[in-house]
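Asker: Numbering (the numbering used here), first residue to last: -9 to 463.
Where is the CB? At the ideal position from N, CA and C, for every residue including glycine.
Since we're looking at a predicted model, the values are computed, not measured.
The structure is given below, and queries will be raised subsequently.
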RNA sequence: GCCCCCAUCGUCUAUCGGUUAGGACAGGAGAUUCUCAUUCUUCAAAGCGGGGUUCGAUUCCCCGUGGGGGCACCA
């Protein structure tokens, strides 16, 4: 059992996004890699901006991603631990105690109702052009941050700062350090946006007479278009979004672990176990990575393709169920799909699995299997009906397929029958394929025609073929 | 403005002084398949600039430039 204790410390002030997910993941990976402890701590000291709803989003997202926490709020089998409570809003007593220690050491003072942390060094007043106000600068000794990823970073912290607001609530820098001490955190793995704050934190650790933990500031994820880091408002930023769209969490984890880290070599698709085994802090990059939705979609497809059929079927069912429950557009249709015969559903999903890039394509891709009122792609329709003799081809197919002489029980027989028909007319399978597909599915692309014919059954196929033929009347 | 971090194909990245600078996504072309997707083959695509150090720099150092972050009684 290693002594490593890491923490993920989000604040419930908004939706959980991909950057937070990766920070959580790296912490989780490091804990698992070292056999250490992964702590979830909720930094909700800003009462005005926190909400219970966003707290649930954090819990749900972490669990969906498979990043269970060893210590933290107790939710569905995760959490507990002897360093609680794990919500900062419930740790007032701890902060008061630590504040007293700082006061006793003469490292605080009151100003305008707030409590400030006093740096050590000579003071002088300076007018700050940028902030347009007079500030007191302190000639403090440089703070050294020995970062596991960045190496040695030196920074001068030259202004006292508030640690307890005038309303009595402690500030982030203070509670963050106090909790890292109280919870015996050994490694602080967090975004590079905190690198500049680290000097404040180190100063605080030193004031408490505690050796700072090992810092590891990981690069940021940049938005895929335009300048700046990824934020909650950006396209593709929200974990909840991927969850709703039926992304596989293991694919998402695989993708985001590759943003700013690599296992060495050319491999990209890695199992969770391999990632845990290979992950380490020195392997983390120093430069920011731009988010790429296309590559992530590709990773998701690879995972979908690799799923055992039953597993794919189960995920697909869960996806349709969530669509039906969500109640948005298509909920009624999804409910219909969920209510379909299980064996039939499984057979349809068997056709779809090798074809779709994501579960979210399933409703449109399989609509015609589950109801007679399915959408028709008008562009495809115009194109297919615009050439050859569609009406004649449809009529021939209706005659062929409605005949009891045509075996409708296996794909090969159906294919052979249509090929024979084509040959007799001096045509190819392709001359029937497009128009038949349009008639039966409303689309120009989809699973193998003969396989979907067999699944649909003779009656529905013939009816749909005849219906389109009649429409051409 | 001040402080900190970073810098290889469009994007994610490999390389830890000597390579035809490799892989993946995206893009182009082709093959296969009843369409589509997959798969396979293939093409195009990179060391920011300038100084050093060195027999030799993508790699080490410095300066620019560019990108990112921070500078709250937010976290």
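Pull up the distance between the alpha-carbon of residue 23 and that of residue -5, whole angstroms please.
Answerer: 12 Å
Asker: Return the chain-ordered list of same chain residues with a C-beta closer than 6 Å to the C-beta of residue 314, the five sequence neighbours on each side being excluded.
Answerer: Cβ within range, chain order: 321, 324, 325, 328.
Asker: Looking at residue 401: is its Cβ nearer than 8 Å to the Cβ of residue 412?
Answerer: no
Asker: Would you check if the distance between the CB atom of residue 281 and the CB atom of residue 233 is smaller than 8 Å?
Answerer: no
Asker: First and last residue of the beta strand (DSSP E) that includes residue 63?
Answerer: 62 to 65
Asker: Could you pull the start and end residues of the beta strand (DSSP E) that residue 128 belongs to?
Answerer: 123 to 129
Asker: Could you tell me whether the region 131 to 151 touches the region 71 to 87, using the rule of 3 or more Cβ pairs below 8 Å?
Answerer: no
Asker: Going by beta carbon distance, what residues of the same chain come within less than 6 Å of residue 338, once the five residues before and after it are set aside?
Answerer: Hits under 6 Å: 356, 359.
Asker: Nearest to residue 186 by CA position, among 368, 134, 241, 404, is which residue?
Answerer: Among 368, 134, 241, 404, the Cα nearest to that of residue 186 is on 134.
Asker: Mapping the DSSP letters down to three states, classify residue 120 as helix, strand or coil.
Answerer: coil
Asker: Near residue 465, what residues of its chain come up, given a Cβ to Cβ distance below 7 Å and the 5 sequence neighbours on each side ignored?
Answerer: With the chain represented from -9 up to 463, any question about residue 465 goes unanswered, as that position is not in the structure.
Asker: Should residue 124 be labelled buried (16 or more other beta-carbon atoms within 10 Å of its own) or exposed?
Answerer: exposed
Asker: For the beta strand (DSSP E) that residue 57 lies in, which residues bound it at each end?
Answerer: First-last for residue 57: undefined, no H or E at that position.
Asker: Locate the alpha helix (DSSP H) running through residue 265, then write down its first and last residues.
Answerer: 262 to 268
Asker: Can you give, in chain order, each stretch of the alpha helix (DSSP H) that sits fully within the region 311 to 359 and has at least 4 residues?
Answerer: 321 to 328, 332 to 342
Asker: Which parts of the region 67 to 111 are runs of the alpha helix (DSSP H), unbroken and 4 residues or longer, counting only runs that do not cross its ends?
Answerer: 82 to 94
Asker: The alpha helix (DSSP H) spanning residue 191 covers which residue range?
Answerer: 188 to 197
Asker: Pull up the DSSP beta-bridge partners for residue 219, would you.
Answerer: 212.
Asker: Report the CB separation of residue 60 from residue 16 in whole angstroms; it is logged as a contact under 8 Å.
Answerer: That belief does not hold up - the Cβ atoms of residue 60 and residue 16 are roughly 16 Å apart, past 8 Å.
Asker: From residue 441 to residue 403, what does the alpha carbon distance come to, in whole angstroms?
Answerer: 10 Å
Asker: Should residue 374 and residue 425 be called a contact, given that it needs their Cβ atoms to be closer than 8 Å?
Answerer: yes
Asker: Whose C-beta lies closer than 6 Å to the C-beta of residue 269 among residues of the same chain, with five residues either side of it excluded?
Answerer: 19, 23
Asker: Pair every Cβ in the region 221 to 239 with every Cβ in the region 159 to 178, then say whether three or more of these pairs are closer than 8 Å.
Answerer: no
Asker: Would you please state the rounded distance, in angstroms, between the beta carbons of residue 62 and residue 31? I believe it to be under 8 Å.
Answerer: The beta-carbon distance between residue 62 and residue 31, rounded to whole angstroms, is 6 Å. This is short enough to meet the 8 Å contact definition.
Asker: Could you check what DSSP says for residue 298 in three-state terms: helix, strand or coil?
Answerer: coil
Asker: Which residue's Cα is closest to the Cα of residue 483: 319, 302, 244?
Answerer: With the chain represented from -9 up to 463, any question about residue 483 goes unanswered, as that position is not in the structure.
Asker: Would you mind sorting residue 1 into buried or exposed? The rule is 16 or more other CB atoms within 10 Å of its CB.
Answerer: The residue in question, residue 1, is buried, as its Cβ has 16 or more Cβ neighbours within 10 Å.
Asker: May I have the straight-line CA-CA distance separating residue 10 from residue -1, to the nearest angstrom?
Answerer: 9 Å
Asker: Could you tell me which of 153, 132, 192, 429 sits nearest to residue 370, measuring between CA atoms?
Answerer: 429
Asker: Measuring alpha carbon to alpha carbon, tell me which of 364, 104, 40 ends up nearest residue 433.
Answerer: 364
Asker: Could you work out which residue in 113, 378, 354, 42 is closest to residue 418 when comparing CA atoms only?
Answerer: 378
Asker: Can you tell which of 25, 68, 332 has the C-alpha that lies nearest to the C-alpha of residue 53?
Answerer: 68
Asker: Are the beta-carbon atoms of residue 36 and residue 3 separated by less than 8 Å?
Answerer: yes
Asker: Within the continuous beta strand (DSSP E) that includes residue 136, where are the two ends?
Answerer: 133 to 137
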